[in-house]
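Enquirer: Structure below; questions to follow.
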């Protein structure tokens, strides 16, 4: 009897394998007291709550200040910045052209450096310096000084967005991410609201005519100088706080207790494993669903393995496959939430990814409205109906509601995207709203100011949706953190839209209500919509092709592909070309991450 009980206990111990694939006596999380280490548990909710109320708001504040410092020059111009500084009106456009040229070109470099040195050191250091540059705008008196300051800010800001988004993605699972990213990226729109209201308040209290000396009671400062002073000092103060606020990884987060530190890391590892067709194919019949909530067509028969590869690929593979196969876990052995470290493979595989260049092209086209109006909206509103002759304080105040609509709709679409586990459909609907707003802005006559303003609100409502959901798609479909950081940097070239601003929204277009720029922006948005449709179709076809190929494999071949990525596959000419490029670059031929055929792309 005692022998049977001992054997029964050993059998139960052998079968109790948790998501890390370790036996109960080998893993501190596997005891009965640790049943809370599951999704939806009280521990899971408390962990996300701390991320949502401690980490996310601070990152959003950083991006808010980043957006304000990027766009405040447009607010300052409504108060006569170039006139008071002795500059020509066109000098502002020239400086913005230089800004975006450097800002765009250095996006991958900034992202790589941010990954190399880590978010905690890189971003606060850069932010402190660009806050100082914002402050120095007070003393601009020559064109070269303005250009030099804008170039310096561009260099310092170039890696901020991809670095911060990559850092944020390390703490949230794939279908928690879009809502959080919307709250983060939505600060672009919130910056428009705050910048407009703050400029209205400052310019109302420090109102002077362009070219006139500032009154002594104002300390000799003009309104636009006070604006740069306030925003520059605030940026530097918050940046210094960032050195102490931001954790290097989940296990060093000052706001987590010990159990939350363990679970914050573990939940991300589980989410990475859920993205694989191979993992879904190995589940029991009752739990056969893909990461997108759809039944997995690859599942022919339930796996007979007693060690579920979905919960721990390494242990399952060691027992199911021949020991001669070299071990290669599907997720990194180190902390997945540590944002530091970059390899040659990360960089080269990112630059050799064809999908990123398709996304880059459509992202550039879709970003033109959001990028343009984040800077020029106060000027556009001033000239939306030139006969009104709006004052600087009034035009800045009127710029707030369109941005508020944009932030609200972005949040709603992000919630829809996470709930339905889709990215591209919400992007297309958002672009459709943008197209309607642009069309109305072009067609409504200049004399109908209220209708043109309403069309502008509709336009801005759809302007901020495509870019963050594109970023969410990239993070969801790139398991390797290093490659993900570089891809986000390449995607940052989408800010090339800003380079076009210097030739789109020119001073000569002000007199006719910027009709010409609106028409060009409309054509770009149409092309972007078509490009996203094509991308959706290509992804759908690739997923179906992968399902057909993997569906014809044996169980061992599926497991081999999920672990090593070196199963022989049929190759198109494009795939052969990419393979040759990999060989030329000195990369291993084995497929990794999303390249493995067991990975299914989210739509």
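Residue numbers (full-length UniProt numbering): 1 to 603. Ideal Cβ positions, reconstructed from N, Cα and C, are used throughout, including at glycine.
(1) Hey, would you say residue 162 sits closer than 8 angstroms to residue 485, going by beta carbons?
(2) Would you say the region 68–83 touches the region 184–201, given that touching needs at least three Cβ pairs under 8 angstroms?
(3) In angstroms with no decimal places, state the Cα-to-Cα distance between residue 417 and residue 377.
(4) Just the Cα atoms here: how many angstroms apart are residue 545 and residue 168?
(5) How is the alpha helix (DSSP H) around residue 104 delimited, first residue to last?
(6) Got a sec? Which residues, its chain only, sit under 6 angstroms from residue 122 by beta carbon, not counting five neighbours each side?
(7) With a cut-off of 8 angstroms on the beta carbons, I'd call residue 497 and residue 364 a contact; round off their distance for me.
(8) Distance check for residue 597 and residue 553, CA to CA, integer angstroms please.
(9) Which residues mark the beginning and the end of the alpha helix (DSSP H) in which residue 159 is found?
(10) Which term fits residue 513, buried or exposed, when burial requires 16 or more other beta carbons within 10 angstroms of its beta carbon?
(11) When the Cα atoms are used, what is the spatial distance from residue 228 to residue 195?
(12) Does the Cβ-Cβ distance between residue 205 and residue 79 come in under 8 angstroms?
(13) With 16 as the cutoff for other CB atoms within 10 Å, does residue 57 come out buried or exposed?
(14) If we call anything under 8 angstroms between Cβ atoms a contact, is residue 106 one with residue 147?
(15) Determine the direct distance from the alpha carbon of residue 582 to that of residue 538, and round the result to whole angstroms.
(16) Starting from the Cα of residue 366, find the closest Cα among 435, 397, 379 and give me that residue.
(17) Quick check: what's the CA-CA separation for residue 687 versus residue 396?
(18) Taking the CB atoms as reference points, tell me whether residue 63 and residue 164 lie closer together than 8 angstroms.
(19) Can you round the beta-carbon distance between residue 151 and residue 130 to whole angstroms, since I take them to be within the 8 angstroms contact cut?
(20) What three-state label does DSSP hand residue 164 in the structure shown?
(21) Which same chain residues, not among the five before or five after residue 402, have their C-beta less than 6 angstroms away from its C-beta?
(22) From residue 33 to residue 230, what does the alpha carbon distance come to, in whole angstroms?
(23) If we count the other Cβ atoms within 10 Å of its Cβ and call it buried at 16 or more, is residue 344 buried or exposed?
(24) How is residue 594 classed by DSSP in three states: helix, strand or coil?
(25) Could you check whether residue 128 and residue 236 sit closer than 8 angstroms to each other, using their CB atoms as the reference points?
(26) Look at the alpha carbon of residue 87 and the alpha carbon of residue 95, and state the distance between them as a whole number of angstroms.
(27) Determine the direct distance from the alpha carbon of residue 221 to that of residue 430, and round the result to whole angstroms.
(28) Report the option in 560, 135, 482 whose CA atom is closest to the CA atom of residue 342.
(29) Who are the Cβ neighbours of residue 132 in its own chain at under 8 angstroms, not counting the five residues just before and after it?
(30) What is the DSSP secondary structure of residue 72, counted as helix, strand or coil?
(31) By the DSSP assignment, the alpha helix (DSSP H) with residue 393 in it spans what residues?
(32) What residue range does the alpha helix (DSSP H) around residue 491 cover?
(33) In terms of residues, what are the limits of the alpha helix (DSSP H) holding residue 50?
(34) Under three-state DSSP, which class holds residue 199?
(35) Beta-carbon separation of residue 468 and residue 249 under 8 angstroms?
(36) Return the chain-ordered list of same chain residues with a C-beta closer than 8 angstroms to the C-beta of residue 360, the five sequence neighbours on each side being excluded.
Expert: Per the coordinate set shown:
(1) Locating residue 162 in the chain shown gives position 162, counting from the first residue. Locating residue 485 in the chain shown gives position 485, counting from the first residue. For the 8 angstroms CB-CB criterion, residue 162 and residue 485 form a contact.
(2) yes
(3) Taking the chain shown and counting its residues from 1, the one referred to as residue 417 is at position 417. Taking the chain shown and counting its residues from 1, the one referred to as residue 377 is at position 377. So the two alpha carbons sit approximately 28 angstroms from each other.
(4) As a working mapping, residue 545 is identified with position 545 in the chain shown. As a working mapping, residue 168 is identified with position 168 in the chain shown. About 32 angstroms.
(5) As a working note, residue 104 is residue 104 in the chain shown. That run of the alpha helix (DSSP H) goes 89–105.
(6) In the chain shown, residue 122 corresponds to position 122, counting from 1. 114, listed in sequence order.
(7) As a working mapping, residue 497 is identified with position 497 in the chain shown. As a working mapping, residue 364 is identified with position 364 in the chain shown. Confirmed, Cβ separation roughly 5 angstroms.
(8) Position 553 of the chain shown holds residue 553. Position 597 of the chain shown holds residue 597. Between residue 553 and residue 597, the alpha-carbon positions lie close to 11 angstroms from each other.
(9) Taking the first residue of the chain shown as position 1, residue 159 is located at position 159. Looking at the DSSP string, residue 159 is not in any alpha helix (DSSP H), and its letter there is neither H nor E.
(10) By one-based count along the chain shown, residue 513 stands at place 513. By the 10 Å Cβ count, residue 513 comes out buried.
(11) Locating residue 228 in the chain shown gives position 228, where the first residue counts as 1. Locating residue 195 in the chain shown gives position 195, where the first residue counts as 1. Their Cα atoms are separated by approximately 11 angstroms.
(12) Here residue 205 is taken as the residue at index 205 of the chain shown, counted from 1. Here residue 79 is taken as the residue at index 79 of the chain shown, counted from 1. For residue 205 and residue 79, no; Cβs fall outside 8 angstroms.
(13) Here residue 57 refers to the residue found at position 57 when the chain shown is read from its first residue. Here residue 57 is exposed, its C-beta having fewer than 16 other C-beta atoms within 10 Å.
(14) As a position in the chain shown, residue 106 is number 106, starting the count at 1. As a position in the chain shown, residue 147 is number 147, starting the count at 1. Not a contact, by the Cβ cut-off of 8 angstroms.
(15) Residue 538 sits at position 538 when you count from the first residue of the chain shown. Residue 582 sits at position 582 when you count from the first residue of the chain shown. Using only the alpha carbons, I get a separation of about 22 angstroms.
(16) For the purposes of this step, residue 366 is taken as residue 366 along the chain shown, with counting starting at 1. Of 435, 397, 379, the residue nearest in Cα terms is 435.
(17) Nothing can be reported for residue 687, as the shown portion of the chain is limited to 1 through 603.
(18) For the purposes of this step, residue 63 is taken as residue 63 along the chain shown, with counting starting at 1. For the purposes of this step, residue 164 is taken as residue 164 along the chain shown, with counting starting at 1. Their beta carbons are under 8 angstroms apart, which means residue 63 touches residue 164 by this criterion.
(19) Here residue 151 refers to the residue found at position 151 of the chain shown. Here residue 130 refers to the residue found at position 130 of the chain shown. Actually they are not in contact, since the Cβ atoms of residue 151 and residue 130 sit about 11 angstroms apart, beyond 8 angstroms.
(20) For the purposes of this step, residue 164 is taken as residue 164 along the chain shown, with counting starting at 1. It is helical.
(21) Position 402 of the chain shown, counted from the first residue, corresponds to residue 402. Around residue 402: 456, 457, 460.
(22) Position 33 of the chain shown, counting from 1, holds the residue named residue 33. Position 230 of the chain shown, counting from 1, holds the residue named residue 230. Caution applies to residue 33, whose pLDDT of 45 falls short of 50 and renders its modelled position unreliable; the model cannot decide the point.
(23) Taking the chain shown and counting its residues from 1, the one referred to as residue 344 is at position 344. Exposed.
(24) Along the chain shown, one-based indexing puts residue 594 at 594. If DSSP states are grouped into helix, strand and coil, residue 594 belongs with the helices.
(25) In the chain shown, counting from the first residue as 1, residue 236 sits at position 236. In the chain shown, counting from the first residue as 1, residue 128 sits at position 128. Yes, the Cβ-Cβ distance between residue 236 and residue 128 is below 8 angstroms.
(26) If you number the chain shown from 1, residue 87 lands on position 87. If you number the chain shown from 1, residue 95 lands on position 95. Approximately 11 angstroms, taken between the alpha carbons.
(27) As a working note, residue 430 is residue 430 in the chain shown. As a working note, residue 221 is residue 221 in the chain shown. In a straight line, the C-alpha of residue 430 is about 42 angstroms away from that of residue 221.
(28) If you number the chain shown from 1, residue 342 lands on position 342. Checked all of 560, 135, 482; the closest Cα to residue 342 is 482.
(29) By one-based count along the chain shown, residue 132 stands at place 132. Here residue 132 has 232, 236 as same chain residues with Cβ atoms under 8 angstroms from its own Cβ, once five neighbours each way along the sequence are excluded.
(30) Translated into the one-based positions of the chain shown, residue 72 becomes position 72. Residue 72 falls in the helix class under three-state DSSP.
(31) Looking up residue 393 in the chain shown gives position 393. From DSSP, the alpha helix (DSSP H) with residue 393 extends over 392–398.
(32) For the purposes of this step, residue 491 is taken as residue 491 along the chain shown, with counting starting at 1. For residue 491, the enclosing alpha helix (DSSP H) starts and ends at 481–491.
(33) Residue numbering aside, residue 50 sits at position 50 when the chain shown is read from its first letter. Counting along the chain, the alpha helix (DSSP H) containing residue 50 begins and ends at 42–50.
(34) Taking the first residue of the chain shown as 1, we reach residue 199 at position 199. Of the three classes helix, strand and coil, the one that applies to residue 199 here is helix, per DSSP.
(35) For the purposes of this step, residue 468 is identified with residue 468 of the chain shown, where counting begins at 1. For the purposes of this step, residue 249 is identified with residue 249 of the chain shown, where counting begins at 1. Not in contact: residue 468 and residue 249 (Cβ atoms no closer than 8 angstroms).
(36) Here residue 360 refers to the residue found at position 360 when the chain shown is read from its first residue. The answer, listed in chain order, is 490, 491, 493, 494.
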